[in-house]
Amino acid sequence: MKEFEEILKNSSNWIKGIPASPGIFTGKAYIYTKEKLEIKHGEVNDVDEAIKSFKEAIQRSSYELNKIFGLAREKMGDQRASIFEAQLMILEDPQLINSIEQRIISERREPEFIVYEVFNKYLNVLYASTEPYMKERALDIDDIMQRLIRNLQKKRWVSRIQNDAIVVSKTLTPADTILFSRNNVKGYITEHGGLTSHAAIIARSLDIPAVLGAINSTSLIEDGSTIIIDGFHGYCFFNPSESQLKYFKTKQEKIRLTQKKMEGINSLPAVTTDGKEIKLFSNVDISGEIENVTSCGSEGIGLYRTEQLIEELGEFPDEEVQERIYSDLAAKIYPLNITIRAFDLGGDKTRLFHPHEANPFLGLRGVRFLLENEELFRMQIRAVLKASVNKNVKFMIPMISTISEVKKCNLIIKECMAELDSKGINYDSSIQTGIMIEVPAAAVMASSLAKETDFFSIGTNDLIQYLMAVDRGNDTVALLYQEFNPAVLMTLKFISEAAISNKLPFSICGEMAADPMAVPVLIGLGFESLSLSPSGIPVVKQIVRSLSYSKCVKLIKKLEKLESEKEILDTIEQFFITHKISRNNLIF
Amino acid sequence: MVRQTVRIVNKAGLHTRPAAMLVKIASKFKSEFFIEKDGYSINGKSIIGVMSIGAPYDSEIILQFEGVDEEEMAEAIYTVIARGFEEL
């Protein structure tokens with residue numbers, strides 16, 4: 001990490017963007033410039049010929065899209081491929097086609113001009129909308145229009161792209177992203193777009209590194225030149241120096257070796273040297289990551305964040321869609337367990353629903369939103385229940401701050417169960433439903449809460465932010481976001497003691513669970529289950545296997561007496577050294 | 001001509017799936033069908049049209065039908081919207 005910062009400091013041949021999909025690659029840049037549409041708007045002599053060429057363009061476009069749709073389904077699954085299905089429906093819209101044809105006949109002008117005009121009527125409405133998903137929709141419709149016009153101009157894809165190239169472009173449409181992947185593209189760099197753009201989602205699910213929002217990349221990077229993409233940090237290096245090439249080559253090799261070395265550990269259990277078993281679960285965002293869950297040697301999914309579905313689909317999934325997705329996941333992971341977290345909307349999660357809060361982190365988020373939108377909540381509960389038939393599903397409510405919230409949720413869940421009963425629908429009647437402890441008020445009331453619920457899952461990211469009253473996205477105060485602050489440690493200890501004395505299962509699902517430094521602390525506090533991103537599991541497992549539980553308990557006794565994060569970190573560091581435990585932290 | 005105002009009752013609003021549903025039902029009838037929202041009027045048999053109006057939960061849209069089977073068509077469309085596109 002230090003080396004990386006030095007490289008940045010000592011050079012200026014890099015562009016910073018958003019790390020949208022992880023991975024490192026050194027290769028030749030392929031600057032992809034979309035030809036700007038030049039639209040002929042003159043009159044046509046032969047109207048019949050114009051109509052004929054319009055019909056051919058529709059056919060050709062449908063053919064192309066069907067191919068892309070097929071490719072997308074094969075590479076990313078039906079759910080995410082539905083982006084392309086909607087585009088196909090537009091090409092079959094009789095009203096749209098009719099009005100374009102009528103105008104070609106009555107105005108006798110170039111079909112491409114008419115297509116442009118008619119589409120823009122709709123696009124202008126969408127672009128004017130303040131809803132983010134309406135704008136996303138506009139991009140998809142714009143893509144269709146461009147495709148139609150290109151086909152009217154009889155231009156074909158110029159995707160004569162060499163294998164193993166890194167694509168550099170101003171923007172990437174979902175279709176571009178999928179098509180390029182066929183040429184074994186090794187990275188995507190774009191000037192526009194963010195984490196939630198379709199291109200980012202696709203790159204992640206294809207496991208191709210991507211850096212988006214890299215300003216001026218198409219002008220700074222030369223076509224065919226060697227560049228380095230670092231999708232972990234969100235950087236690209238152009239005209240790299242020998243030392244940079246060497247650094248990233250070593251890094252890439254290290255990552256490969258670590259992954260290979262870790263393959264051996266995947267089948268081994270996470271047990272301490274004195275025989276205490278620690279269950280390691282995966283946090284999962286999108287359905288595509290499921291392969292990682294089983295291949296990294298985890299015990300199942302400890303956190304499935306459902307709000308990501310909304311971002312992914314660009315709309316709220318109905319009960320049927322949810323049921324299908326949850327059932328599918330539960331089936332794929334069976335006999336392992338999956339813990340589905342109810343929609344955690346609000347805060348920084350998604351602003352699809354109510355963008356007008358002055359202080360969203362303290363606003364209508366998590367369970368508050370769910371209770372305020374009860375029908376939507378019930379829809380999700382019913383979908384989760386229906387997916388629980390094989391008894392490997394748990395359900396979890398985010399952002400609990402009071403006991404009455406838990407009681408309300410439990411009542412609603414009971415009512416949903418009764419509803420399913422009355423319809424004769426099967427579900428797991430003993431499904432475990434737990435709560436997230438991430439609000440300090442809930443931490444303080446942990447003992448009482450433990451009597452109302454089936455398990456605790458501690459969300460350390462939010463808990464630390466609320467406990468320290470710090471927004472870690474705010475540079476000026478971010479240093480106060482301290483995972484190892486004594487107050488954080490004492491709070492975790494308080495919660496775990498409350499859970500233990502009530503014989504309640506408890507686990508942790510924040511980033512802290514993936515921090516090698518935190519592993520002995522969490523084990524010493526009595527955690528028997530951790531949930532983290534699949535890529536972190538091998539490292540954590542290796543550490544667990546080299547720790548002794550009794551020594552971790554002693555470590556906590558020491559840490560309790562300390563008064564600053566620095567002292568605590570130093571003591572943990574010393575603990576690793578004394579016990580000769582390596583913190584294999586190669587993958588950043 | 002049949003003209004009536006309806007309220008969107010499903011939480012997700014008139015997003016892509018309901019839009020497609022509406023268009024599919026509308027296509028089965030002969031009458032003309034228009035949807036009015038925020039001063040725009042779009043053809044209810046056109047997916048791109050229906051997709052370009054934003055009708056969130058609890059908003060009102062005006063439906064207008066004209067043709068030989070306008071009554072039946074209005075009934076069918078009204079029912080599916082009132083049922084929240086089977087999302088309730």
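The listed protein sequences derive, respectively, from chains U and A.
Residue 111 in the numbering used here sits at position 111 of the first sequence, with consecutive numbering throughout.
Residue 36 in the numbering used here sits at position 36 of the second sequence, with consecutive numbering throughout.
In this text, a Cβ means the ideal position worked out from N, Cα and C, and glycines have one as well.
Predicted, not measured: the structure shown is a model, and the values here were computed from it.
Runs of 3 residues minimum, wholly inside the region 23-64 of chain A: which ones carry the beta strand (DSSP E) assignment? 32-37 and 40-43
Alpha carbon to alpha carbon, how far is N337(U) from I141(U)? Give it in angstroms, no decimals. Residue 141(U) sits at position 141 when you count from the first residue of the first sequence. Residue 337(U) sits at position 337 when you count from the first residue of the first sequence. Cα to Cα, I141(U) sits roughly 40 Å from N337(U).
Inspect the beta-carbon positions of S546(U) and I581(U) and report whether they are closer than 8 Å. Taking the first residue of the first sequence as 1, we reach residue 546(U) at position 546. Taking the first residue of the first sequence as 1, we reach residue 581(U) at position 581. Against a cut-off of 8 Å, the Cβ pair of I581(U) and S546(U) comes out as a contact.
Cα separation between T16(A) and T272(U)? Looking up residue 16(A) in the second sequence gives position 16. Looking up residue 272(U) in the first sequence gives position 272. Each residue's alpha carbon lies about 51 Å from the other.
Alpha-carbon spacing of A82(A) relative to F25(U), whole angstroms: Sequence index remark: in the second sequence, residue 82(A) carries index 82 (1-based). Sequence index remark: in the first sequence, residue 25(U) carries index 25 (1-based). For A82(A) and F25(U), the distance between alpha carbons rounds to 53 Å.
So, does the CB of S46(A) fall closer than 8 Å to a CB anywhere in chain U? For the purposes of this step, residue 46(A) is taken as residue 46 along the second sequence, with counting starting at 1. True, the Cβ-Cβ gap to chain U drops below 8 Å.
Helix or strand or just coil, what does DSSP make of E43(U)? Reading the first sequence from its first residue, position 43 is the one you call residue 43(U). E43(U) falls in the strand class under three-state DSSP.
Closer than 9 Å, Cβ to Cβ, to anything on chain A: give me those residues from the region 380-398 of chain U, in chain order. none
List the whole-angstrom C-beta distance separating N10(A) from Y57(A), where the pair is believed to meet the contact cut-off of C-beta under 8 Å. Numbered from its first residue, the second sequence carries residue 10(A) at position 10. Numbered from its first residue, the second sequence carries residue 57(A) at position 57. About 7 Å; that satisfies the 8 Å criterion.
For E573(U), which option in E375(U), I458(U), Q153(U) and V519(U) has the closest C-alpha, if you only look at C-alpha atoms? Stepping through the first sequence from its first residue, residue 573(U) is reached at position 573. For E573(U), the nearest C-alpha among the options comes from V519(U).
Residue interval of the beta strand (DSSP E) (run including L341(U)): By 1-based counting over the first sequence, the position of residue 341(U) is 341. The question names Leu, but residue 341(U) in the sequence shown is Arg. Looking at the DSSP string, the run of the beta strand (DSSP E) that includes R341(U) is N337 to R341.
Around the Cβ of D223(U), are there at least 16 other Cβ atoms within 10 angstroms (buried) or fewer (exposed)? Translated into positions along the first sequence, residue 223(U) becomes position 223. With fewer than 16 Cβ atoms within 10 Å of its Cβ, D223(U) is classed as exposed.
Ignoring anything shorter than 4 residues or poking outside the region 480-526 of chain U, list the alpha helix (DSSP H) runs there in chain order. 486-501 and 519-524
Selection of the region 16-33 of chain A by Cβ proximity to chain U, strictly under 7 Å: T16, R17 and A20
Pick helix, strand or coil for L212(U), following the three-state DSSP scheme. Within the first sequence, numbered from 1, the residue matching residue 212(U) stands at position 212. It is a strand residue.
Starting from the beta carbon of A12(A), find every residue of chain U whose beta carbon is closer than 7 Å, and list them in chain order. By one-based count along the second sequence, residue 12(A) stands at place 12. Under the 7 Å cutoff, chain U gives E315, F316 and D318.
With a 10 Å radius around its C-beta and 16 neighbouring C-beta atoms as the bar for buried, classify K611(U) as buried or exposed. The structure shown does not extend to residue 611(U), since chain U is modelled only from 1 through 588, so no value can be given for it.
Is there a Cβ from chain U that is less than 8 Å from the Cβ of S59(A)? Counting from 1 along the second sequence, the entry for residue 59(A) is found at position 59. Taking Cβ atoms only, chain U never reaches closer than 8 Å to S59(A), which makes this a no.
What residues in the region 81-93 of chain U bring their beta carbon closer than 9 Å to a beta carbon of chain A? S82, A86, M89, I90, E92 and D93
How long is the line joining the alpha carbons of L280(U) and M512(U), rounded to whole angstroms? Locating residue 280(U) in the first sequence gives position 280, counting from the first residue. Locating residue 512(U) in the first sequence gives position 512, counting from the first residue. Looking at the two C-alpha atoms, the distance is approximately 13 Å.
Please report whether the beta-carbon of N373(U) lies at a distance below 8 Å from any beta-carbon of chain A. Here residue 373(U) refers to the residue found at position 373 of the first sequence. It does; some Cβ of chain A falls within 8 Å.
Nearest-angstrom Cα distance between S106(U) and F113(U)? Here the question's residue 106(U) lines up with position 106 in the first sequence. Here the question's residue 113(U) lines up with position 113 in the first sequence. Approximately 13 Å between the Cα atoms of the pair.
Please state whether DSSP places A165(U) in a helix, a strand or coil. For this step, residue 165(U) is matched to residue 165 along the first sequence. Coil, per DSSP.
Does any C-beta atom of chain A lie closer than 8 Å to the C-beta of I141(U)? For the purposes of this step, residue 141(U) is taken as residue 141 along the first sequence, with counting starting at 1. So, interface residue.
Within the 8 Å Cβ cut-off, does R3(A) reach chain U? Within the second sequence, residue 3(A) is the residue found at index 3, counting from 1. No, R3(A) lies away from the interface with chain U (no Cβ there is under 8 Å from its Cβ).
Does the pairing of the region 10-20 of chain U with the region 235-254 of chain U give three or more beta-carbon distances under 8 Å? yes
Inspect the beta-carbon positions of P111(U) and S53(U) and report whether they are closer than 8 Å. Counted from its first residue, the first sequence places residue 111(U) at position 111. Counted from its first residue, the first sequence places residue 53(U) at position 53. In contact: P111(U) and S53(U) (Cβ atoms closer than 8 Å).
Could you name the residues of the same chain whose beta carbon sits closer than 7 Å to that of L467(U), not counting the 5 residues immediately before and after it, in chain order? Translated into the one-based positions of the first sequence, residue 467(U) becomes position 467. The answer, listed in chain order, is P440, A487, V488 and T491.
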